[in-house]
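Residue 1 is where the sequence shown starts when you use the UniProt record's numbering, and the numbers rise one by one after that.
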Amino acid sequence: QISQNLEALPTLLDLAMQNLLRDEALATSALEDLPGELFPPPFKEAFACRKSRILRATVAAWPFPCLPLGSLMQTVDLETLKVALNGLDDLLKMKVCPRHWTYIYVRGGTH
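If you want it as structure tokens, here you go:
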């Protein structure tokens with residue numbers, strides 16, 4: 001029974017992400033120092049909960065060669081997609097496009 005209770009507890013990472021996403025200003029400013037492997041959880045949460053400011057900032061700072069928008073869109077939400085595309089626009093306006101960006105995946109399914 002103890003092991004079942006421990007499995008139900010959120011991890012330290014889960015708790016940190018929940019706390020980070022509660023404060024949009026903190027979340028957007030923390031992205032520049034966030035290690036790449038920690039980007040997917042706040043990105044998915046911002047996308048799912050339609051946290052526009054965090055989503056736009058996360059997309060603009062996305063550290064991977066593929067942005068899996070299609071796999072997150074169970075139903076097409078044009079406003080959320082627009083926010084994500086605005087984040088891409090922000091990235092392109094920096095005029096220093098990271099060389100690790102090769103494509104954006106917007107079709108359904110997995111990448």
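Just so you know, even glycine gets a beta-carbon here, dropped at the ideal spot from N, CA and C.
- In the DSSP annotation of this structure, ARG50 is not part of any alpha helix (DSSP H), being labelled neither H nor E.
- Annotated as proximal: LEU67 and VAL59, with beta-carbon spacing under 8 angstroms.
- Within the same chain, LEU21, GLU24, ALA27, THR28, PRO42, ALA46 come within 7 angstroms of ILE54 by CB-CB distance, once the 5 residues on both sides are set aside.
- For the pair ARG56 and GLY87, the CB atoms are nearer than the 8 angstroms cut-off.
- When secondary structure is reduced to three states using DSSP, MET94 falls in the coil class, being assigned neither helix nor strand.
- At a Cβ-Cβ threshold of 8 angstroms, THR80 and ARG50 count as neighbours.
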